[in-house]
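Enquirer:
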Amino acid sequence: MSSEEQRRPNNPFVVGRYVGGEYFCDREEETRFMLKQIENERDMALISPRRMGKTGLVRHVFHQQVIKEKYNAFFIDIYGTRSLPEFVYLLGKEIFDRLKPRGAAIVDKFFAAIASLRLGLKLDPSSGVPMLDMSLGDIKTPLITLDEIFRYLQASDKPCVVAIDEFQTIAQYNEKNVEAVLRTCIQQYPNVHWIFAGSERHTLLNMFSNNSRPFYQSAILSSLGPLPLERYRDFCIGHFSKRGYKIDAATVDTVYRDYEGRTWYMQLIMNELYNMAKEGYEISPDHIPIALRHILQSHSEGYRATLSMISDRQKELLIAIAKDGKVQSPQSADFIRRHSLDTASSVQSALRPLLKSDLVTQVEGSYQLSDFFLSQWLKENY
Ligand SMILES: Nc1ncnc2c1ncn2[C@@H]1O[C@H](COP(=O)(O)OP(=O)(O)OP(=O)(O)O)[C@@H](O)[C@H]1O
Ligand SMILES: [Mg+2]
Numbered sequence: 048m049s050s051e052e053q054r055r056p057n058n059p060f061v062v063g064r065y066v067g068g069e070y071f072c073d074r075e076e077e078t079r080f081m082l083k084q085i086e087n088e089r090d091m092a093l094i095s096p097r098r099m100g101k102t103g104l105v106r107h108v109f110h111q112q113v114i115k116e117k118y119n120a121f122f123i124d125i126y127g128t129r130s131l132p133e134f135v136y137l138l139g140k141e142i143f144d145r146l147k148p149r150g151a152a153i154v155d156k157f158f159a160a161i162a163s164l165r166l167g168l169k170l171d172p173s174s175g176v177p178m179l180d181m182s183l184g185d186i187k188t189p190l191i192t193l194d195e196i197f198r199y200l201q202a203s204d205k206p207c208v209v210a211i212d213e214f215q216t217i218a219q220y221n222e223k224n225v226e227a228v229l230r231t232c233i234q235q236y237p238n239v240h241w242i243f244a245g246s247e248r249h250t251l252l253n254m255f256s257n258n259s260r261p262f263y264q265s266a267i268l269s270s271l272g273p274l275p276l277e278r279y280r281d282f283c284i285g286h287f288s289k290r291g292y293k294i295d296a297a298t299v300d301t302v303y304r305d306y307e308g309r310t311w312y313m314q315l316i317m318n319e320l321y322n323m324a325k326e327g328y329e330i331s332p333d334h335i336p337i338a339l340r341h342i343l344q345s346h347s348e349g350y351r352a353t354l355s356m357i358s359d360r361q362k363e364l365l366i367a368i369a370k371d372g373k374v375q376s377p378q379s380a381d382f383i384r385r386h387s388l389d390t391a392s393s394v395q396s397a398l399r400p401l402l403k404s405d406l407v408t409q410v411e412g413s414y415q416l417s418d419f420f421l422s423q424w425l426k427e428n429y
């Protein structure tokens with residue numbers, strides 16, 4: 048059995064990882080567009096609402112033959128990082144992990160170029176395989192390490208593409224000059240091309256379109272929208288029928304409408320519907336609430352844990368927003384009265400941490416929960 052076959056998932060609706068083009072729906076035009084930008088040495092910022100499919104798209108682009116053959120591609124997700132050393136650590140580790148399978152000589156060259164990471168090079172005592180064994184505290188001189196990494200990439204055998212996912216995170220770093228530092232690296236090392244992806248539209252637009260910011264006009268801005276319904280419909284029906292299962296088009300259409308075409312939610316529901324399917328029996332819209340029930344049940348422990356980590360005020364506000372779905376003014380007298388909240392100023396101070404931790408998000412002027420499933424679960428349980 049080839050490694051491709053070994054990776055074949057039991058359920059073709061895969062969530063949370065990329066397993067190849069067969070399980071990836073469409074994005075042909077977007078993929079072509081991104082390849083064209085890379086070939087033309089243009090950096091790119093990919094922006095979309097949460098769960099739309101940015102990360103999947105970048106993975107899909109990196110999976111294309113032309114990228115595998117002609118480029119060295121690296122991917123880091125900086126969500127949750129707080130400082131430049133963390134950024135540098137992730138980037139160094141990603142490059143090391145990509146190079147490792149290419150043999151000892153390549154790894155040696157990497158550590159020769161990046162002297163400041165050499166400390167972390169260890170050999171696994173049982174297998175003798177090199178590993179990077181260092182902690183964040185070992186990145187003592189992030190600027191030097193960063194520059195060494197870039198010099199290394201610049202001298203690489205092929206042009207490099209570095210994708211940084213959740214790029215808006217750098218705006219919150221402890222150091223104030225990170226944008227300027229990265230901008231300088233980007234300008235100095237033209238062998239490295241960049242894809243910046245993220246969901247905080249406002250922050251990202253500000254970074255790339257404000258003429259007082261270092262990244263001003265340094266990347267092509269591109270928004271990712273939902274998959275076309277017809278493509279997703281064919282994708283779902285096709286995967287069901289490959290196993291002799293049936294799903295009617297109306298089911299896919301309903302899921303698409305309910306979740307605004309966001310791939311993460313749609314794929315989770317489809318995964319569960321597929322799980323419920325049997326030969327000689329058609330999956331219809333009536334099955335959607337059952338699938339949703341199963342999903343909410345399996346997530347409920349996690350949701351309870353989330354609630355236990357926030358204050359009572361935040362919890363009350365979160366539930367109130369979930370119940371209304373979209374809220375334009377959470378500090379309005381009407382909203383406060385209907386949900387028996389305290390005062391406008393207490394709502395304001397509860398809202399801030401909810402936005403910061405991304406439990407609540409602002410879309411086109413309204414507040415809503417970032418996670419549609421959590422929203423549904425709260426509505427049903429409180
Ligand atoms: N075109 C696609 N076809 C099938 N599945 C997809 C597609 N795009 C994304 N997915 C799947 O949908 C889920 C959500 O997509 P992804 O993580 O790419 O979204 P995102 O926009 O990066 O989300 P976030 O805002 O949380 O970072 C993932 O599990 C991914 O595997
Ligand atoms: Mg993502």
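In this note's numbering, the protein residues as written are 48 to 429. Glycine residues also receive a C-beta, built at the ideal position from the N, C-alpha and C atoms.
1) Helix, strand or coil: which one does DSSP assign to LEU170?
2) How is the beta strand (DSSP E) around ILE123 delimited, first residue to last?
3) Run the proximity test for LYS33: is its beta-carbon closer than 7 angstroms to any non-hydrogen atom belonging to ligand 2?
4) Please list the terminal residues of the continuous alpha helix (DSSP H) segment that includes ASN342.
5) Flag this pair as yes or no: are the beta carbons of GLY68 and LEU271 separated by less than 8 angstroms?
6) Between the beta-carbon of ILE85 and the beta-carbon of TYR136, is there less than 8 angstroms?
7) So who's on the other strand from MET254, going by DSSP bridges?
8) Beta carbon of ASP212: closer than 7 angstroms to some heavy atom of ligand 2?
9) Rounded C-beta distance between GLY430 and LEU164? I'm assuming under 8 angstroms.
10) Let me confirm a value: THR102 is counted as buried when at least 16 other C-beta atoms fall within 10 Å, else exposed. Which label applies?
11) Could you tell me which residues DSSP puts in a beta bridge with SER270?
12) Does the beta carbon of ASP418 fall short of 7 angstroms from some heavy atom of ligand 1?
13) Round the Cβ separation of HIS240 and GLU88 to the nearest angstrom and send it over; I've been treating them as touching at under 8 angstroms.
14) Report all residues from its chain with a CB closer than 8 angstroms to the CB of LEU421; omit the five preceding and five following residues, and keep chain order.
15) Whose C-beta lies closer than 8 angstroms to the C-beta of LEU416 among residues of the same chain, with five residues either side of it excluded?
16) Check whether the Cβ of ARG64 lies closer than 7 angstroms to any heavy atom of ligand 1, and answer yes or no.
17) Once the 5 residues before and after VAL113 are set aside, which same chain residues still bring their CB inside 7 angstroms of it?
18) Run through DSSP, which three-state label would TYR236 get?
19) Within 8 angstroms, do at least three Cβ pairs link the region 282 to 294 to the region 323 to 342?
20) Which residues in the same chain as VAL154 place their Cβ atom closer than 7 angstroms to its Cβ, once the five residues preceding and following it in sequence are excluded?
Expert: In brief:
1) strand
2) 119 to 124
3) Nothing about residue 33 can be read from this structure; the chain reaches only from 48 to 429.
4) The residue asked about is misnamed: residue 342 is Ile in this sequence, not Asn. Where ILE342 is concerned, the enclosing alpha helix (DSSP H) stretches over 335 to 355.
5) no
6) no
7) The partner list for MET254 (beta bridge, DSSP) is empty, contrary to what the question assumes.
8) yes
9) Past the boundaries of the shown model lies residue 430; the chain is included only from 48 to 429, so the question cannot be answered.
10) buried
11) ILE94
12) no
13) 6 angstroms
14) HIS346, TYR350, THR353, ALA369, LEU406
15) LEU365, ILE368, ALA369, LEU406, VAL407, THR408, SER422, LEU425
16) yes
17) LEU82
18) coil
19) yes
20) LEU146, LYS147, PRO177
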